[in-house]
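Participant: Okay, handing you the structure first.
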Amino acid sequence: MKTRETQIRAEPARRADPAGNERLTAMTGAVLLVLFAAECLTLLNIGNLLTLHVFLGMLLLGPAGLKTGSTLWRFTRYYTGCRRLTCGRGRRLRCSG
Ligand code: HEM
């Protein structure tokens with residue numbers, strides 16, 4: 001029987017997956033677009049639709065946070081030289097100081 005340690009060693013190293021990140025960003029963007037459009041529509045009659053406006057606004061927080069996270073991840077990976085994102089060119093931020 002395998003111990004947990006040998007199991008972990010046998011597993012292939014997990015690699016960054018820019019394609020998965022791209023899908024996540026695109027899906028989150030689509031959800032945001034729909035919610036944001038609905039949020040803007042409530043502004044046409046904010047007097048009567050304030051509850052819906054606040055509800056949709058709160059709902060927007062989740063996808064907005066997720067999209068910020070997924071784009072930040074891509075940004076960070078790019079500037080730390082992830083080869084899968086930079087086609088092997090490696091783009092590290094240079095410190096001029
Ligand atoms: C992307 C998100 C949001 C957008 C673009 C947005 C936009 C706006 C705009 C343009 C107004 C002015 C409407 C007017 O006076 O004719 C407004 C009013 C207001 N919003 Fe939002 N909002 C958002 C999210 C939220 C959230 C999350 C909340 C609550 C937590 C909220 C609460 C309110 C309230 C209380 C008013 C005042 C309504 C009134 O004057 O009677 N909004 N919003």
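Just so we're aligned: 90 in the numbering used here is position 90 of the sequence shown, and the numbers increase by one with no gaps anywhere.
Ideal placement from N, C-alpha and C gives every residue a C-beta, glycine not left out.
#1: In whole angstroms, what separates the C-alpha of Leu-33 from that of Thr-68?
#2: Taking DSSP as the reference, what is the three-state secondary structure of Arg-28?
#3: Reducing DSSP to helix, strand and coil, say where Thr-68 ends up.
#4: Decide if Leu-85 is buried, meaning its Cβ has at least 16 other Cβ atoms within 10 Å, or exposed.
#5: For Asn-21 and Leu-35, I'd like the C-alpha separation in whole angstroms.
#6: Pick helix, strand or coil for Thr-3, following the three-state DSSP scheme.
#7: Between Leu-61 and Asp-17, what straight-line distance do the alpha-carbon atoms span, to the nearest angstrom?
#8: Would the beta-carbon of Thr-25 fall within 8 Å of that of Ser-70?
#9: Ordered along the chain, which non-local residues of its own chain (more than five positions away) have a Cβ less than 8 Å from that of Cys-40?
Facilitator: Looking at the atomic coordinates:
#1: Counting from 1 along the sequence shown, the entry for residue 33 is found at position 33. Counting from 1 along the sequence shown, the entry for residue 68 is found at position 68. Each residue's Cα considered, the two are about 14 Å apart.
#2: Sequence index remark: in the sequence shown, residue 28 carries index 28 (1-based). With the sequence shown as reference, residue 28 is identified as Thr, and Arg is not the correct amino acid for it. DSSP places Thr-28 in helix when its eight states are reduced to three.
#3: Looking up residue 68 in the sequence shown gives position 68. Helix, per DSSP.
#4: The residue labelled residue 85 in the question sits at position 85 within the sequence shown. With 16 or more other Cβ atoms within 10 Å, it is buried.
#5: Along the sequence shown, read from residue 1 onward, the residue named residue 21 stands at position 21. Along the sequence shown, read from residue 1 onward, the residue named residue 35 stands at position 35. Each residue's Cα considered, the two are about 21 Å apart.
#6: Working through the sequence shown from its first residue, we reach residue 3 at position 3. For Thr-3, the three-state secondary structure derived from DSSP is coil.
#7: For the purposes of this step, residue 61 is identified with residue 61 of the sequence shown, where counting begins at 1. For the purposes of this step, residue 17 is identified with residue 17 of the sequence shown, where counting begins at 1. If you take the alpha carbons of Leu-61 and Asp-17, they lie about 25 Å apart.
#8: Indexing the sequence shown from 1 puts residue 25 at position 25. Indexing the sequence shown from 1 puts residue 70 at position 70. Their beta carbons are under 8 Å apart, which means Thr-25 touches Ser-70 by this criterion.
#9: Position 40 of the sequence shown, counting from 1, holds the residue named residue 40. Cβ within range, chain order: n/a, list empty.
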